[in-house]
Amino acid sequence: MITPIRLIWLKLRHRLNWRVIKLFMCMGYGVFMIALVIHMLQSNPGPVKALKSSPYRHLYLEEEIPPEIVQFEKQIVPGLGEDGKGIEIKDKKLLDETVKKYAFNRLASDQISLKRTLPDVRHEACKKIQYDDTLPAASVIIIFNNEILSTLLRTVWSVLQRTPPEFLHEIVLVDDASNLTEISTVLPIYLKYRLPANVILHRLVEQVGLIGARLAGAKVASGEAIIFLDSHCEATEGWIQPLLQRIKDKPNNLVIPSIDSISDKTLAFNGFPGGVGISVGGFTWSGHFTWIPFKHNGTRKPSDPAPTATMAGGLFGANREFFFKIGGYDEGMKGWGGENLELSFRTWRCHGSMENVPCSHVGHIFRDFHPYFIPHDSHGINTARMAEVWMDEYKRLFYMHRQDLQREIPSPIDIGDISSRVQIKDTLKCKSFKWYLDTVYPDKFILDDQSIAYGRIRNQKYPNICFDHLQRDTAHKNGFYFLGQYPCHNVLGDSQYFSLSRDKFELRNEYMCAKSFDNEGSIKVQMVGCRDQQSRKTAWKFENGALIHVDSGLCITAPNDSAGEELVLSKCDGTKQQMWDFEFLNP
Numbered sequence: 001m002i003t004p005i006r007l008i009w010l011k012l013r014h015r016l017n018w019r020v021i022k023l024f025m026c027m028g029y030g031v032f033m034i035a036l037v038i039h040m041l042q043s044n045p046g047p048v049k050a051l052k053s054s055p056y057r058h059l060y061l062e063e064e065i066p067p068e069i070v071q072f073e074k075q076i077v078p079g080l081g082e083d084g085k086g087i088e089i090k091d092k093k094l095l096d097e098t099v100k101k102y103a104f105n106r107l108a109s110d111q112i113s114l115k116r117t118l119p120d121v122r123h124e125a126c127k128k129i130q131y132d133d134t135l136p137a138a139s140v141i142i143i144f145n146n147e148i149l150s151t152l153l154r155t156v157w158s159v160l161q162r163t164p165p166e167f168l169h170e171i172v173l174v175d176d177a178s179n180l181t182e183i184s185t186v187l188p189i190y191l192k193y194r195l196p197a198n199v200i201l202h203r204l205v206e207q208v209g210l211i212g213a214r215l216a217g218a219k220v221a222s223g224e225a226i227i228f229l230d231s232h233c234e235a236t237e238g239w240i241q242p243l244l245q246r247i248k249d250k251p252n253n254l255v256i257p258s259i260d261s262i263s264d265k266t267l268a269f270n271g272f273p274g275g276v277g278i279s280v281g282g283f284t285w286s287g288h289f290t291w292i293p294f295k296h297n298g299t300r301k302p303s304d305p306a307p308t309a310t311m312a313g314g315l316f317g318a319n320r321e322f323f324f325k326i327g328g329y330d331e332g333m334k335g336w337g338g339e340n341l342e343l344s345f346r347t348w349r350c351h352g353s354m355e356n357v358p359c360s361h362v363g364h365i366f367r368d369f370h371p372y373f374i375p376h377d378s379h380g381i382n383t384a385r386m387a388e389v390w391m392d393e394y395k396r397l398f399y400m401h402r403q404d405l406q407r408e409i410p411s412p413i414d415i416g417d418i419s420s421r422v423q424i425k426d427t428l429k430c431k432s433f434k435w436y437l438d439t440v441y442p443d444k445f446i447l448d449d450q451s452i453a454y455g456r457i458r459n460q461k462y463p464n465i466c467f468d469h470l471q472r473d474t475a476h477k478n479g480f481y482f483l484g485q486y487p488c489h490n491v492l493g494d495s496q497y498f499s500l501s502r503d504k505f506e507l508r509n510e511y512m513c514a515k516s517f518d519n520e521g522s523i524k525v526q527m528v529g530c531r532d533q534q535s536r537k538t539a540w541k542f543e544n545g546a547l548i549h550v551d552s553g554l555c556i557t558a559p560n561d562s563a564g565e566e567l568v569l570s571k572c573d574g575t576k577q578q579m580w581d582f583e584f585l586n587p
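Numbering (UniProt numbering), first residue to last: 1 to 587.
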């Protein structure tokens with residue numbers, strides 16, 4: 001049955017052109033949709049729109065940028081800091097306050113682009129090297145605790161921008177239980193909307209410290225190679241290929257990039273291309289890393305990797321399988337400190353090697369203090385664990401500095417169970433620490449072995465007075481100091497430990513040698529870096545109890561029996577003030 005409405009419709013259809021009707025219907029629908037969109041925009045402007053584009057995602061989605069990111073990126077001033085230039089903060093009080101709080105200039109970091117350009121500081125010889133097309137893909141592990149977000153993201157973007165995609169398996173961000181609001185709220189949003197899918201955030205529920213966080217990151221990582229970076233770094237052009245090439249060529253090789261300085265005050269990037277001369281890692285018997293010049297035979301090229309006895313520990317790469325084969329990090333170590341020497345000694349002793357790679361450059365903000373919590377004396381306790389496992393009989397020289405940590409004496413400090421670490425040494429049939437000293441670090445001075453006499457040096461007239469460095473032994477900072485005297489300690493410690501070396505007849509401690517110095521008419525005993533002096537200037541004779549400076553012919557004299565006095569050099573007269581007894585004499 002045909003309804004009246006249907007009948008009217010059929011009559012109109014016969015009278016009107018059907019195509020015209022369809023046209024009007026489409027136009028009406030279009031006008032309606034435009035009006036609807038205008039209404040929605042007027043009632044809710046919302047955040048700006050952006051196209052989410054990434055080579056690591058399957059879809060390119062139109063997404064809204066949340067206000068947290070918009071607000072965060074508003075701080076950036078276009079053009080500032082480009083080409084690695086720094087920012088001068090004119091308000092000195094404000095600068096001092098931010099550096100005191102964050103250990104570097106956060107104001108500058110927040111204003112500089114997260115993707116700023118950097119100069120290419122590689123040596124010209126490095127730029128000519130052709131690396132293999134196929135290299136192991138790397139997991140770059142960046143651990144942090146309450147790092148300033150702009151600094152952390154600049155580290156991430158420097159890796160993304162300057163690493164060929166085929167060599168970057170992933171970036172693993174390990175948050176060591178941060179409690180900063182921008183880390184807990186803004187970072188996850190930024191990760192979702194701005195960073196590619198191969199940037200992974202791994203959060204730890206409880207703070208475990210640098211060592212534990214790095215180990216957690218290494219366990220999460222799945223790349224053939226792993227590269228550890230601090231969270232306040234900037235990778236430069238061509239940084240990763242030299243590292244991956246050396247890992248490919250020698251899978252049991254740990255590789256360390258050239259570490260350039262980023263100013264903590266201005267964030268200026270200060271890179272140096274290097275040359276034939278290069279510094280490598282050493283260590284002190286107190287368990288600290290130190291830089292030493294690399295000795296070579298004159299044929300070394302500026303682009304050649306240099307074997308290094310130790311590493312600073314913040315930035316390095318390794319084959320992931322080899323890293324875990326030799327024990328990863330010591331899980332018994334807490335907080336920060338000691339892990340770099342432990343890994344260095346273990347790598348060399350357990351059939352590996354370590355190299356500084358001068359063609360790889362990474363900038364690093366060197367801070368004067370750690371702006372986060374570190375467990376009490378974690379460096380000392382961790383280093384004691386290292387000494388017990390990896391220094392063999394030479395651990396005695398570490399305990400000279402830290403007698404409170406010796407396991408042989410009652411101590412309130414517990415370094416924990418080390419049996420699993422000893423097992424690694426036995427299972428892998430690792431070489432001895434003596435082999436390490438003889439082969440890897442032959443220039444390391446052994447205080448009680450390479451000497452004619454050593455120990456405390458006691459005055460014969462004032463038998464309670466001994467040589468003492470008077471807490472001035474900071475060669476790595478000052479370069480020299482005057483030697484003094486102090487009441488002899490009951491236990492031999494580093495401040496009164498001196499040797500007369502067998503080869504050069506140097507009166508010295510671990511790395512400082514004695515020479516004469518005319519200090520306004522009073523000739524003093526000056527301690528200077530041993531490697532910086534001509535041997536005659538630091539040569540001594542020990543005859544009939546007198547310590548005679550070969551170059552001047554003067555004798556070391558105790559001026560009196562007062563604590564803290566500086567020793568003097570005077571004409572030899574045979575008096576007891578010029579007579580000294582070494583604690584130990586070697587045959």
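Backbone N, C-alpha and C define an ideal beta-carbon position, used for all residues, glycine too.
In the structure shown, the three-state DSSP call for residue 213 is helix.
Exclusion of the five residues before and after residue 413 leaves 381, 404 and 405 as the residues of its chain whose Cβ lies within less than 7 Å of its Cβ. In this model, residue 391 and residue 547 are separated by some 33 Å (Cα to Cα).
By the 16-neighbour rule on beta-carbons within 10 angstroms, residue 164 is exposed. Between residue 562 and residue 516, the C-beta spacing is not below 8 Å. With fewer than 16 neighbouring CB atoms inside 10 Å of its own CB, residue 297 falls in the exposed class. In the same chain as residue 110, and ignoring 5 residues on each side of it, the C-beta atoms closer than 6 Å to its own belong to 75 and 150, in chain order. Inside the stretch 381-411, DSSP marks no whole beta strand (DSSP E) run of 3 or more residues. In the three-state scheme derived from DSSP, where H, G and I count as helix and E and B as strand, residue 457 is classed as strand.
By alpha-carbon distance to residue 256, the top candidate from 96, 287 and 344 is 344. In the DSSP assignment, residue 170 is bridged to 139. For residue 328, the CB contacts under 7 Å within the same chain, skipping 5 residues up- and downstream, are 215 and 218 in chain order. Following the DSSP letters along the chain, one finds residue 557 in no alpha helix (DSSP H) but inside the beta strand (DSSP E) bounded by residues 554-557. One Cα belongs to residue 247, the other to residue 351, and the distance between them is close to 15 Å. Of all C-beta pairs linking the stretch 168-175 to the stretch 195-207, three or more are shorter than 8 Å, placing the two stretches in contact.
Each of 348, 506 and 400 was checked against the Cα of residue 435, and the nearest Cα belongs to 348. Under the three-state reduction of DSSP output, residue 300 falls in the coil class, being neither helix nor strand. Within the stretch 223-289, the complete alpha helix (DSSP H) segments at least 4 residues long are 240-249, listed from N- to C-terminus. As DSSP reads the structure, residue 108 sits in no beta bridge. In the three-state reduction of the DSSP assignment, residue 336 falls in the coil class, being assigned neither a helical nor a strand state.
Comparing C-alpha distances from residue 480 to each of 458, 524, 460 and 138 shows the shortest one belongs to 524.
Looking from the CA of residue 73, the closest CA among 366, 356, 204 and 189 belongs to 189.
Spanning the alpha carbons of residue 495 and residue 271 requires a straight line of approximately 37 Å. Between the C-alpha atoms of residue 239 and residue 229 there is a straight-line separation of about 12 Å. In the DSSP assignment, the residues bridged to residue 547 are 542. When DSSP states are grouped into helix, strand and coil, residue 484 belongs to the strand group. Around residue 77, the same chain offers 111 as residues with beta carbons nearer than 7 Å, after the five sequence neighbours per side are excluded. Contact annotation, residue 452 with residue 500: C-beta distance approximately 5 Å; criterion of less than 8 Å satisfied.
In the three-state scheme derived from DSSP, where H, G and I count as helix and E and B as strand, residue 194 is classed as helix. For the options 368, 503, 417 and 135, the alpha carbon positioned closest to that of residue 539 is the one of 503. Excluding the 5 residues flanking it on each side, residue 394 has same chain C-beta neighbours closer than 7 Å at 433, in chain order. DSSP places residue 452 in the strand class (E or B) of the three-state scheme.
Residue pairing of residue 310 in beta bridges, as defined by DSSP: 281.
Within its own chain, the residues whose Cβ lies closer than 7 Å to the Cβ of residue 537, once the five positions on either side in sequence are excluded, are 515 and 551, listed in chain order. At least 8 Å separates the beta-carbon of residue 291 from that of residue 397. Under the three-state reduction of DSSP, residue 118 is assigned to coil, being neither helix nor strand.
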